[in-house]
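> Under my numbering, the first residue of the sequence shown is numbered -1, with each subsequent residue one higher.
By construction, the Cβ of each residue, glycine as well, lies at the ideal position given by its N, Cα and C atoms.
My questions all concern the structure below.
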Amino acid sequence: MAIHLKHLFAELNESNQRIAIGHGRQEISYNELNNRVKSIASQLNNVKSNRIGLYFESSINAYASILACWFCGKSYVVLSPNYPTDRISVIMELANINCLIIENIDALDAIHTKPAEIICTKNLKTIHNTIQYSLPNLDDEAYVLFTSGTTGQPKGVPITHKCLANFVNAFHKLGYNLNQDDRFLQMFDLTFDLSIMSFLIPLTIGGSFYIIDKHKVKPIAIYEVLESKQITFALMVPSVIKTLEPYLRNETINGLKYSQFCGEPLTVSQVESWQNICPNTEIDNVYGPTEATIYCTRYRIMKNSPIHHYNGIVSIGKPMYGTTLNVINDELLIGGAQVTSGYINENLNTTSFAIINNMRFYKSGDVAVLNDTEFYCLGRLDRQVKIQGFRVELSEIEYTFGLLFPNHESVAIYVDFKNQGRIILCVLAHHTPLDINNIITQLREKLPAYMVPEQIQIWGKWPLNSNGKIDIKQLSNEILNKTG
C-alpha cells in the first residue's frame, strides 16, 4: 500500500475525536470524517467507472469524496462550479467522466452533459458496518487535474499514486518537525494541485487543516484562519503577502512555524515583508508544475543570512529527493519519480517531454539558470521577448522597478498592438501617490533604452485567478481594452 494511503487509512480508522477539518464555524473529527468517507465509498463500490468527477463548491464532503475515491481504487477529476459550462463539458469528455459526486442534486442544472451515475452527498447515511475497500496499486491513477492549454483546449495531467507517494516521501525528507498538533492552512481551490499538499500531509500525520471561507474577501479570510485557528504550517502563493499587509500594519502572527511559498516567483522584498509579519516562521520557497506532482524543489531561507536571488527573484533551491533537474536552452527540465507519465491529450506528449541520457524529462516552459548548486526560476519562456533584436526578461524590468519603488508592485506585460509589440508596466498603487513621469525617468537611469516600458499604467487592483495568482492573460486583455 502506498505510504500516503497507509497513513490515511490508519488515522481514519483510529476512531478519535481530534479535529481533522475545519471550515468556518464547522469542525469535524477524524471519526466523523471516517463516517462520511464510508458513506460515499459504500455507493462508489457499485460504480464501474474508474474516473470520478467531483462537482463541489468548497465543502468538507469534497475531501471525504477524494478519500473515498482513493480507498475504492478510483481517481478523481475536479469540476469547479466556477468553470464555464462549456469547459466542464470538454473536461468530462476528455476524461471520460460517467459518474459525478455532487453536494446537491440541484447542481446538475448547471451541467449540460449529464453523467450516467450520480452520487449526492447532501443526505449521507451513516454506515455502521465495515466497508470492503479496493485499495489501488502504486501505478494506478490518483487524480487528473486540468491546466490551461495554449491551443485553448484544457490539458489533462494524470498523477499516479506512485507519484503521490514519492512526493509524500520527499516532503518528509525536508525535515519539518510535524505532529498531530499541527494545523495547516488550505487556501486553494481543489482544481489547483497545491491544495493536495494542504490536506494530504496533515491527514497523514493526524493533524488538521482549515479551509478559508470563500464568501469572504480572500486576504481577510486568510488572516482570520491564520490567527484564530493558530495555524502552524501554511503553503501560500507569494502575492498573498502584499494583500495581507494592509490588515497587519500593527499586528504580527507569532504562531506560524513554517511558511512555504509556491505558484509564483517569490521576491526578496516579499520575504522581508513576511519576516516582519511572522517573526517566528521558517520560510521555504518551493517550486513545481502540476506535471511534477505538487512541487519538487525547495530553498530554505535562513534567518539573518543573505537571501540567494537572481534579479530579486528568490532561488528555487535544489531538487527534492527523487527529482532531477536540467537546464537546456534556458528551459528547466524536470525528471524523476514525481513526473507524470504523460497527458491524457496524447497529441501533446511528443512535444512536452524529452529523453536525455535514458531519463525522461518534462519540459517545463520555465526559464531557469543554475548557479553553483542552486536553481533559479526566472519566469516563463513566453515572458522572454525580443526587443530591437535584444532578448529581454520581463522580470528584470519588474526587479528594477522594485529596487526603485520598494513599496509598490509591478507586472511587465508584452502586448501586441496591431502587430507592434510594446512593453507595458502595470503598477499596483497602494497608499503612496505615484508620478508616471518620475517612474520613467528613474527607469531610464537603470535600464537600457530598449528595456524601458513604452507606457506605465497605474492599477488599483489586478485580476486574480481562483488560486490567488495574478491572471496575466486577463491582465493583458484588460490592457488592450484600456489602451485600445
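1. Considering only the beta carbon of each residue, do residue 290 and residue 360 sit closer than 8 Å?
2. Determine the burial state of residue 173: buried for a count of at least 16 other Cβ atoms within 10 Å of its Cβ, exposed for fewer.
3. First and last residue of the beta strand (DSSP E) that includes residue 75?
4. Taking the DSSP output, what are the residues bridged to residue 68?
5. Nearest CA to the CA of residue 351: which residue from 342, 362, 343?
6. Note down the Cα distance separating residue 91 from residue 189, rounded to an integer number of angstroms.
7. Let's test the definition: count the other Cβ atoms within 10 Å of the Cβ of residue 258 and tell me whether it reaches 16, buried, or not, exposed.
8. Counting only the same chain and skipping the five closest in sequence on each side, list residues whose C-beta sits under 6 Å from that of residue 144.
9. So, is the C-beta of residue 402 closer than 8 Å to a C-beta in chain D?
10. Of the residues 57, 324, 343, 171, which one's Cα is nearest the Cα of residue 102?
11. Pop quiz: residue 265 and residue 316 are said to be a contact at Cβ under 8 Å. What is the actual Cβ separation, rounded to whole angstroms?
12. Excluding the five sequence neighbours on either side, which residues of its own chain have a C-beta within less than 7 Å of the C-beta of residue 436, listed in chain order?
13. In this structure, what does DSSP give as the bridge partners for residue 118?
14. Do residue 69 and residue 39 count as a contact pair if the criterion is CB distance below 8 Å?
15. Please say whether residue 97 and residue 338 have beta carbons closer to each other than 8 Å?
16. Of the choices 114, 283, 343, 354, whose alpha-carbon is the least far from that of residue 333?
17. Got a sec, what are the start and stop residues for the alpha helix (DSSP H) residue 271 sits in?
18. Comparing alpha-carbon positions, which option in 322, 99, 380 lies nearest residue 358?
19. Going by DSSP, which residues form a beta bridge with residue 256?
20. Starting from residue 364 and walking both ways along the beta strand (DSSP E), at which residues does that stretch end?
21. Starting from residue 375, follow the beta strand (DSSP E) in both directions and report where the run begins and ends.
22. Indicate the three-state DSSP secondary structure (helix, strand or coil) for residue 186 in the structure shown.
Let me spell this out:
1. By the CB criterion at 8 Å, residue 290 and residue 360 fall inside the cutoff.
2. With fewer than 16 other Cβ atoms within 10 Å, it is exposed.
3. 73 to 76 is the span of the beta strand (DSSP E), which, as asked, contains residue 75.
4. Residue 68 is not bridged to any residue.
5. For the residues 342, 362, 343, the minimum Cα distance to residue 351 belongs to 362.
6. Whole-angstrom Cα-Cα distance: 17 Å.
7. Residue 258 is buried by the Cβ-count criterion.
8. Its chain contains 89, 152, 154 as the residues whose beta carbon lies nearer than 6 Å to that of residue 144, once the 5 sequence neighbours on both sides are disregarded; these appear in chain order.
9. Looking for chain D here will not work: only one protein chain is present.
10. Closest by alpha carbon: 57.
11. 20 Å between Cβ atoms; not a contact.
12. Result list for residue 436: empty, nothing under 7 Å.
13. Looking at the DSSP output, residue 118 shares a beta bridge with 100.
14. In this structure, residue 69 lies closer than 8 Å to residue 39 by Cβ.
15. Taking 8 Å as the Cβ cut-off, residue 338 and residue 97 do not qualify as a contacting pair.
16. For the residues 114, 283, 343, 354, the minimum Cα distance to residue 333 belongs to 354.
17. According to the DSSP assignment, residue 271 belongs to the alpha helix (DSSP H) that extends over 266 to 275.
18. When 322, 99, 380 are compared, the shortest CA-CA separation from residue 358 is found for 322.
19. Answer is 231, 280.
20. Residues 357 to 369.
21. For residue 375, the enclosing beta strand (DSSP E) covers residues 372 to 378.
22. Correct three-state label for residue 186: coil.
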